[in-house]
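Peer 1: Sharing a structure, written as structure tokens. Questions coming.
In full-length UniProt numbering, the protein residues as written are 1 to 71.
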């Protein structure tokens, strides 16, 4: 059984390297969101399980959202 601080380092299909720690999408999203907050904002994309489609994109402040919600 892996421990919380354990990581998997692997090469993605695009040739870049990734560092994976989370088993659940929610945990991975929150970690990515926190990373963007610490880095000054940006956009985070959530992919479907097949990794072919993006199902949601969120702008983390102070990043610029080209299409902010209305209302």
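The beta-carbon is built from N, C-alpha and C at its ideal position, and this holds for glycine as well.
The structure presented is a predicted model; accordingly, all values stated were derived computationally and were not measured.
With residue 58 as the anchor, note down where its alpha helix (DSSP H) starts and where it stops.
Peer 2: DSSP places residue 58 outside any alpha helix (DSSP H); the residue lies instead in the beta strand (DSSP E), whose first and last residues are 54-60.
Peer 1: Can you give me the C-alpha to C-alpha distance between residue 30 and residue 44, rounded to a whole angstrom?
Peer 2: 10 Å
Peer 1: Round the Cβ separation of residue 37 and residue 46 to the nearest angstrom and send it over; I've been treating them as touching at under 8 Å.
Peer 2: No, residue 37 and residue 46 are not in contact; Cβ-Cβ is about 16 Å, not under 8 Å.
Peer 1: Rounded to the nearest angstrom, what separates residue 23 and residue 70 at their Cα positions?
Peer 2: 34 Å
Peer 1: Report the option in 49, 48, 27 and 41 whose CA atom is closest to the CA atom of residue 58.
Peer 2: 41
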